[in-house]
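Visitor: Submitted below is the structure of interest, expressed as structure tokens.
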Amino acid sequence: MNQRIPVTELTSSFRGRATEALADGQLRNNFRVAMDSLMQKRADAFPDEQEREGLRELGNHIKARALSRLPDLLEQLEAKLTENGVHVHWAETTEEANRIVHAIIESKQGSQVVKGKSMVSEEMEMNDYLADRDIECLESDMGEYIVQLDGEKPSHIIMPAIHKNRRQVSQLFHSKLGVEATEDVNELIQIGRRTLRKKFLEADVGVSGVNFAIAETGTLLLVENEGNGRMSTTVPPVHVAVTGIEKVVGNLRDVVPLLSLLTRSALGQPITTYVNMISGPRKADELDGPEEVHLVLLDNGRSGAFADAQLRQTLNCIRCGACMNHCPVYTRVGGHTYGEVYPGPIGKIVTPHMVGLDHVPDHPSASSLCGACGEVCPVKIPIPELLQRLRQENVKSPDEPAVVQGGGAKYSWKERALWRMWMALNTRPTLYKCFLWAATRLGKLTPKNLGPWTENHTAPVPAPRSLHDLAKAHLNAGQNRGEQP
Amino acid sequence: MNELFYDAAPNATRVAPARPAPREYPEKPAEVTLFGTCVVDLFFPEAGLDAIRLLEREGIRVHFPQAQSCCGQPAWTSGYVKEARDVARSQLNVLDNGLPVVVPSGSCAGMFRQHYRDVFAEEPATLKRVDDLAARTFELTEFLLHVCKVEWRDLGQPTQIALHTSCSARREMNTHLHARELLAKLDKVERLDHDHESECCGFGGTFSVRMPEVSGAMVLDKTRALRESGAVEMVTADGGCLLNINGSLEKQKQAFRGRHLASFLWQRISGEGEP
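Shown next as structure tokens:
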């Protein structure tokens, strides 16, 4: 493909990273194959369209209802968890959340942490924070372990290492762990497990995320397929769970349809191998489980999204990743292109609240608004509609109030002037017809180079006569049928 | 499971339906307005004219208000609300004659039916007119199929084609299957499936110029899939996709091309342009 701007000048932007990803044939193939298979699995998991749509409607209602009572539910959750013997902490920023986690580890003189899969901990960049303080934080989810070993970030929220194939993992293990290269997937998993088993026993603290926090019973619910989440939350003497404040739901009944939507939308599974429900530390007469359980509730911009009725819908997300799996943009460029913790369509609407639109100014535009994401979202987040809203916030002029932090990042008076001209043209019929007259007669003079458009297309040449002209002539000729001009 | 609806959220906000419920269709009217769309107006005017011919063949008198221009979508999807609203308002005025509005493009029809409510969200007084227009708006294929209930005789030579359906037809208008049904009425036309048929062609209005790298990869994959179907040509009911796909094919110096469905249908049933 024709590259107008040297890649080196673009690498810090979405477009730059996209250009690099598009040039990586292996990466594109890995994603295409993986996403095609995930789309098929989801389709197979919902054979009955009516049931699926009813369940999505229900999922949307449950989440919207929970969000409408968010402050109350969070208070109820805190009270119930405290009653159950869980320590609850509140963090407004990721820095604060990291400080809390670090203080817990320090109070136990801990130096080794094992972690189950948690996107919020990625949001906090917890591994780096703890490493800087001489605490080793080992990822125990196989995919997370692979990307950690390679010094990368996850490229998908459910399948962190989806961008790598077995050959690449084999080479990684060979070079980093000194094991013999093998492309046998079972053997690769065993290699990872052998390393991790020992770590579970040695760790001072286990960290995990939360899929649903249930207010009524004070239960932390965690789904996983590998058993590492269960090991991380029960073997070490201390368990610290971190979660965004939007994960709270009213009661256990609410979880049943959400869980079914989550696992079926994500991997096409009717249910995951493990569903952990944690409601407190080990009791006096129990044989296992941690002695201490903590929950850190993180805001990190979520209350900002909560404040706007339309943008609040971003908080419906139950982190299934279906929008990524079905997104034609994500499929082609992969998760790292987004440059942030949450990639894909959902990343484009939640990230601005966390880091500000000015940090991700290209995100709202990086979509053809094809609607595939909204179509599959299990809780019916109208992602295209929210992207459009963020585009509006993005081009606001400095004198308009910013609703999203960093709003107005893409404001350009030149672009606004262009749209003003377009508006004048399309609201004044005489002007529009003058434009048609000129365009159709001078069409042949259309320049060959039309900037970004002609990178992928030839320049479109206007027809010699517009439909306005043809229709008028045709309708006049046909016994005065149609409207007189 | 319905018991779980026990207290619906008071603040639950509106959710854009991914697939609108099937609509009820009126009896065939005597007159309609054709909204040509700006892309058809300038680049595929013959397709607009063929749409008029198809409607007239059903005994319908077609109006083409000369004051029409663009539905406002380009500004709307770029985030320019005020500019989109002013253009939308002028179309509301032009189309205010109470006649059914037939649109030869899924995305412009979707703009009328789905998005004008959002465009005028801050103008409650206008919403009544918006709803009225939405109820009167039909995408060409759904109008031919469900309102005109067309029955055709295929006068063309046997041919094999691929059908490209737009995302807006699929997800906003729920009309993506209508073209299939229309084509199925032509007994010498064989429709060949292509890979990733439901995937976006990469146009997305200004997306194609804001993100030319990603958009380019998408249209390249789409054109490859269309060619590999073995069809001799592609037909589509959406002007935007057609502009994107044909522009890319020409850039690639491929002989394969797309055509607006209205032109294809008119040629088959009128016999015009057949050898």
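Just so you know, the sequences run in chain order A and B.
One point on numbering: in the numbering used here, the residue at position 202 of the first sequence is 198, and numbering is uninterrupted.
Numbers in the numbering used here are just positions in the second sequence, counted from 1, shifted up by 1.
Ideal placement from N, C-alpha and C gives every residue a C-beta, glycine not left out.
(1) Is the beta carbon of V292 of chain A closer than 8 Å to that of V346 of chain A?
(2) Got a sec, what are the start and stop residues for the alpha helix (DSSP H) N422 of chain A sits in?
(3) Do H290 of chain A and H83 of chain A have their beta-carbon atoms positioned less than 8 Å apart in this structure?
(4) Going by DSSP, what residues sit across from R38 of chain A in a beta bridge?
(5) Report yes or no: is there a C-beta of chain A within less than 8 Å of the C-beta of F6 of chain B?
(6) For a test of the three-state rule: what should DSSP assign to K468 of chain A, helix, strand or coil?
(7) Return no unless some Cβ of chain B is closer than 8 Å to the Cβ of H464 of chain A.
(8) Quick one: give me the first and last residue of the alpha helix (DSSP H) that W77 of chain B is part of.
(9) Closer than 6 Å by C-beta to L258 of chain A: which residues in its own chain qualify, once you throw out the five before and the five after it? Chain order, please.
(10) Residues in the same chain with beta-carbon distance under 6 Å from E288 of chain A, minus the five sequence neighbours each way, listed in chain order, please.
(11) Could you name the residues of the stretch 303 to 325 of chain A whose beta carbon sits closer than 8 Å to any beta carbon of chain B, in the order they occur along the chain?
(12) What does L244 of chain B reach in chain A if we use C-beta pairs closer than 7 Å?
(13) Measure the C-alpha to C-alpha separation of T426 of chain A and A420 of chain A and round it to an integer number of angstroms.
(14) Is the CB of S364 of chain A under 8 Å away from at least one CB in chain B?
(15) If we cut at 8 Å on Cβ distances, does V120 of chain B have a partner in chain A?
(16) Name the DSSP bridge partner or partners of E191 of chain B?
(17) E84 of chain B versus chain A: which residues are under 8 Å apart at the beta carbon?
(18) Looking at C-alpha atoms only, which residue of A:L283, A:E183, A:G331, A:C366 is the closest neighbour of S209 of chain B?
(19) Using 10 angstroms around the beta-carbon of W267 of chain B, count the other beta-carbons present and answer buried if the total reaches 16, otherwise exposed.
(20) Q384 of chain A by DSSP, collapsed to three states: which one?
(21) Going by CA-CA distance only, name the one from A:D146, A:L134, A:H152, A:D128 that's closest to K172 of chain A.
(22) Could you tell me which chain B residues have their CB closer than 9 Å to the CB of K468 of chain A, listed as they occur along the chain?
(23) If the cut-off is 7 Å on Cβ atoms, which residues from the stretch 211 to 233 of chain B count as contacting chain A, listed in chain order?
(24) At a CB-CB cut-off below 8 Å, which residues of chain B make contact with P448 of chain A?
(25) With a threshold of 8 Å between beta-carbons, can P30 of chain B be considered close to chain A, or not?
(26) Rounded to a whole number of angstroms, what is the C-alpha to C-alpha distance between P443 of chain A and W449 of chain A?
(27) Taking only runs of the alpha helix (DSSP H) that begin and end inside the stretch 276 to 346 of chain A, which ones reach a length of at least 4 residues, in chain order?
(28) Are the C-beta atoms of V204 of chain B and some chain A residue less than 8 Å apart?
(29) Does the beta carbon of L164 of chain B come closer than 8 Å to any beta carbon on chain A?
(30) From this set, B:G217, B:T207, B:F113, B:D222, which residue's C-alpha is nearest S199 of chain B's C-alpha?
(31) I'd like the list of long-range same chain contacts for H179 of chain B, defined as Cβ closer than 7 Å, with 5 residues on each side in sequence excluded.
(32) Which word fits Q158 of chain B, buried or exposed, when buried means at least 16 other C-beta atoms lie within 10 angstroms of its C-beta?
(33) Just to confirm my understanding: we take L192 of chain A, look at its own chain, exclude 5 residues before and 5 after, and list those with CB closer than 6 Å. What are they?
(34) Going by C-alpha to C-alpha distance, which of A:A455, A:E45, A:P357 sits closest to K392 of chain A?
(35) Please report the straight-line C-alpha distance between L414 of chain A and N25 of chain A, rounded to a whole angstrom.
(36) Among the residues of its own chain, which have a CB less than 6 Å from the CB of G300 of chain A, if the five just before and after it don't count?
Guide: Inspection of the coordinates gives the following:
(1) In the first sequence, the residue the question calls residue 346 of chain A occupies position 350. In the first sequence, the residue the question calls residue 292 of chain A occupies position 296. Using a Cβ distance threshold of 8 Å, V346 of chain A and V292 of chain A do not count as a contacting pair.
(2) Looking up residue 422 of chain A in the first sequence gives position 426. 409 to 423 is the span of the alpha helix (DSSP H), which, as asked, contains N422 of chain A.
(3) Counted from its first residue, the first sequence places residue 83 of chain A at position 87. Counted from its first residue, the first sequence places residue 290 of chain A at position 294. Judged by beta-carbon spacing, H290 of chain A lies within the 8 Å limit of H83 of chain A, meaning their Cβ atoms are closer than that value.
(4) Start at 1 with the first residue of the first sequence, and residue 38 of chain A comes out as number 42. Here R38 of chain A is not bridged, per DSSP, to any residue.
(5) Here residue 6 of chain B corresponds to residue number 5 of the second sequence, with the count starting at 1. Low per-residue confidence applies at F6 of chain B: pLDDT is 35, beneath 50, and the placement is therefore not dependable, though the value from the model is reported in the following sentence. Chain A, which has a Cβ nearer than 8 Å to the Cβ of F6 of chain B, makes this yes.
(6) For this step, residue 468 of chain A is matched to residue 472 along the first sequence. In the structure shown, the three-state DSSP call for K468 of chain A is helix.
(7) The residue labelled residue 464 of chain A in the question sits at position 468 within the first sequence. Yes, because at least one Cβ of chain B sits closer than 8 Å to the Cβ of H464 of chain A.
(8) Here residue 77 of chain B refers to the residue found at position 76 when the second sequence is read from its first residue. Counting along the chain, the alpha helix (DSSP H) containing W77 of chain B begins and ends at 74 to 79.
(9) Counting from one through the first sequence, the residue named residue 258 of chain A turns up at place 262. For L258 of chain A, where only same-chain residues beyond five positions count, the Cβ hits under 6 Å are I314, C316.
(10) In the first sequence, the residue the question calls residue 288 of chain A occupies position 292. Non-local C-beta neighbours of E288 of chain A in its own chain, meaning closer than 6 Å and more than five positions away in sequence, comprise V234, P277, ordered along the chain.
(11) Those residues of the stretch 303 to 325 of chain A that come within reach of chain B (Cβ to Cβ, closer than 8 Å) are A305, Q306, R308, Q309, P324, V325.
(12) As a working mapping, residue 244 of chain B is identified with position 243 in the second sequence. Annotation: Cβ neighbours of L244 of chain B in chain A (cutoff 7 Å, chain order): P456.
(13) As a first step, residue 426 of chain A is located in the first sequence; it is residue number 430 there, counting from the start. As a first step, residue 420 of chain A is located in the first sequence; it is residue number 424 there, counting from the start. Whole-angstrom Cα-Cα distance: 11 Å.
(14) As a position in the first sequence, residue 364 of chain A is number 368, starting the count at 1. Contact with chain B is found for S364 of chain A, since one of that chain's Cβ atoms lies less than 8 Å from the residue's Cβ.
(15) Walking along the second sequence from the start, residue 120 of chain B turns up at place 119. So, not an interface residue.
(16) The residue labelled residue 191 of chain B in the question sits at position 190 within the second sequence. When beta bridges are read from the DSSP output, E191 of chain B appears opposite B:Q161.
(17) The residue you call residue 84 of chain B lines up with position 83 of the second sequence. Residues of chain A passing the Cβ test: W415, R416, W418, M419.
(18) Within the second sequence, residue 209 of chain B is the residue found at index 208, counting from 1. Answer by Cα proximity: A:C366.
(19) The residue given as residue 267 of chain B occupies position 266 in the second sequence. Counting every other CB atom within 10 Å of its CB across the protein chains shown gives W267 of chain B a total of 16 or more, marking it as buried.
(20) Counting from 1 along the first sequence, the entry for residue 384 of chain A is found at position 388. Q384 of chain A falls in the helix class under three-state DSSP.
(21) In the first sequence, the residue the question calls residue 172 of chain A occupies position 176. A check of alpha carbon separations from K172 of chain A across A:D146, A:L134, A:H152, A:D128 identifies A:D146 as the nearest.
(22) Sequence index remark: in the first sequence, residue 468 of chain A carries index 472 (1-based). Under the 9 Å cutoff, chain B gives F65, Q67.
(23) Answer set for the stretch 211 to 233 of chain B: R211, M212, P213, E214, V215, S216, G217, A218, M219, V220.
(24) Taking the first residue of the first sequence as position 1, residue 448 of chain A is located at position 452. Residues of chain B passing the Cβ test: S209, V210, R211, P213.
(25) The residue labelled residue 30 of chain B in the question sits at position 29 within the second sequence. With 8 Å as the cut-off, P30 of chain B does not count as an interface residue toward chain A.
(26) Within the first sequence, the letter at position 447 stands for residue 443 of chain A. Within the first sequence, the letter at position 453 stands for residue 449 of chain A. Cα to Cα, P443 of chain A sits roughly 12 Å from W449 of chain A.
(27) Counting only runs of 4 or more, we get 298 to 302, 318 to 322, 324 to 329.
(28) Numbered from 1 along the second sequence, position 203 holds the residue referred to as residue 204 of chain B. Checking the sequence shown, residue 204 of chain B turns out to be Phe, not Val. Taking Cβ atoms only, chain A reaches closer than 8 Å to F204 of chain B, which makes this a yes.
(29) Here residue 164 of chain B refers to the residue found at position 163 of the second sequence. Among the residues facing chain A, L164 of chain B is not included, as its CB has no counterpart in that chain under 8 Å away.
(30) Numbered from its first residue, the second sequence carries residue 199 of chain B at position 198. Per the C-alpha coordinates, the member of B:G217, B:T207, B:F113, B:D222 positioned closest to S199 of chain B is B:D222.
(31) The sequence position of residue 179 of chain B within the second sequence is 178, counting from 1. Around H179 of chain B: T142, E143, L146.
(32) Residue 158 of chain B sits at position 157 when you count from the first residue of the second sequence. Classification of Q158 of chain B: exposed, given that the 10 Å Cβ count is below 16.
(33) Your numbering for residue 192 of chain A matches position 196 in the first sequence. Same-chain partners within the cutoff: S136.
(34) Residue mapping note: residue 392 of chain A aligns to position 396 of the first sequence, counting from 1. Comparing Cα-Cα distances from K392 of chain A to each of A:A455, A:E45, A:P357, the minimum goes to A:P357.
(35) For the purposes of this step, residue 414 of chain A is taken as the residue at position 418 of the first sequence. For the purposes of this step, residue 25 of chain A is taken as the residue at position 29 of the first sequence. Looking at the backbone, the Cα of L414 of chain A and that of N25 of chain A are separated by about 39 Å.
(36) Within the first sequence, numbered from 1, the residue matching residue 300 of chain A stands at position 304. For G300 of chain A, where only same-chain residues beyond five positions count, the Cβ hits under 6 Å are H349.
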